[in-house]
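In my numbering, the protein residues as written are 125 to 570. Note that CB positions come from ideal geometry on N, CA and C, so glycine has one too.
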DNA sequence: TTTTGAGTTGTTCGA
DNA sequence: GTCGAACAACTCAAA
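Written as structure tokens, this is what we have:
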């Protein structure tokens, strides 16, 4: 049996500028890329029309086509990773396994177990940074501990990006070595030449097609350039909609950060937010399931099943909230500004546990990312890292007036708005606001 | 150690 | 309609 190296695709589904893949290919031994549909995750998905699973399947098919053209193949498995790796180590004579870092608690545990198994077989398990620009402890305060406030973190982040450029007059973020591509595409001939494997269909892994449309990888330069002016208006096409591609690694974060650093600082900041929350998750894994600030666990959330259902279905009687929730249900996407409005409404107006909103987003969002979703929800609820005083409560009516004045976004998703078919507000704003202030105050003072 | 300044995205009230 | 202060008083980061 021929000795080979394996590259394990996870959240980095691309053949270009892929750190782990680059390191695997340039070793010289033939590389076989693999992907595992994780039964531990997929078996828990109740809705078998999951757009994310479909997205991954489509991308794997594309990658497979590219590999076929090179005389290679993609080996796609279904099962529990530990069991799949038991098999792989008996089927192939593996020298080393390459993959990219994954910072979610489940993934960290999984990778530790796999690394142990591989090492016991004399196989090296090599992992690389690829998903973020700076990871866990690369940006820290002077005392070496991680930041928990965004602005000083972002300043340090940008400083570090420039730190390798010295005093060159024309120096610019985009030239930083931290944003340089890993040219994995230069070594494509090093993929293992072998007969084609079959890529499982959606049905093979127990799923069905969704009705969700996937946003393109390409964004108009103008969109990024004008991002700062347009991004808050949900009716405008002002955001990149690249979330899903960052989530699955179908585009390179370094490539986009390079562009952002040239085009628009507000957009670059959004990419830094992504690094920030990935860093928070890596350093404070208790945020999964728990408030970052423990004392906020004292807030007595309302059970309110019916209220929660109204929120999920977009029937709150607040048009901007309902438009957002319906956009989510229909498209698997929601505009960023509206995400804040609906999150504030659920946690502050309805006093429903942020974890339930987080879980609903996790189920519905095509671009769902554990770190960013959790960070956003904790921010909205006021229990997260950054200073968002709990008495800052979004007024869904003034948000509508500010950001969708002519109602074009609302009319698109809530066509019955303004007719008798549209329900009255499920809770009066002034009442809800005062109730929230009182409940939080009580909880935090006890 | 203490102090100082500042903190993604807000709202309301009264002049 | 616009503007600035008050909201209520916290926490972090750095000097």
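Per the C-alpha coordinates, the member of 154, 210, 496 and 531 positioned closest to residue 160 is 210.
Note on residue 451: 16 or more other CB atoms within 10 angstroms of its CB, so buried under the neighbour-count rule.
Comparing alpha-carbon positions, the option among 419, 399, 569 and 445 lying closest to residue 281 turns out to be 399.
Secondary structure note for residue 352: its alpha helix (DSSP H) is the uninterrupted segment 351 to 354. Boundaries of the alpha helix (DSSP H) harbouring residue 523: 520 to 527, taken from the DSSP string. The Cβ atoms of residue 298 and residue 385 lie closer than 9 Å to each other. Ranked by Cα distance from residue 335, the first of 455, 516, 191 and 484 is 455. Residue range 199 to 203 is occupied by the beta strand (DSSP E) that includes residue 203, with no alpha helix (DSSP H) assigned at that position. When rounded, the separation of the alpha-carbon atoms in residue 347 and residue 319 is 43 Å. A straight line joining the alpha-carbon of residue 478 with that of residue 505 spans about 6 Å.
Contact annotation: residue 156 and residue 131 have beta-carbon atoms nearer than 9 Å. About 7 Å separates the Cβ atoms of residue 307 and residue 146, confirming a contact at the 8 Å cut-off. Contact between residue 517 and residue 472 holds: CB atoms are separated by about 5 Å, below the 8 Å threshold. The continuous stretches of beta strand (DSSP E) do not include residue 170, and DSSP gives it neither H nor E.
By DSSP's assignment, residue 156 forms a beta bridge with 130.
For a cut-off of 8 Å, the C-beta gap from residue 250 to residue 220 is around 6 Å, short enough to register as a contact. Only residues of its own chain outside the window of five on either side were considered, and among them 258, 262, 263 and 302 have a CB closer than 8 Å to the CB of residue 284, listed in chain order. Our two residues, residue 568 and residue 421, have alpha carbons roughly 9 Å apart in a direct line. In this structure, residue 323 keeps its C-beta atom at 9 Å or more from the C-beta atom of residue 233.
With contacts defined by Cβ atoms closer than 9 Å, residue 408 and residue 493 do not form a contacting pair.
Where residue 220 is concerned, the enclosing beta strand (DSSP E) starts and stops at 217 to 224.
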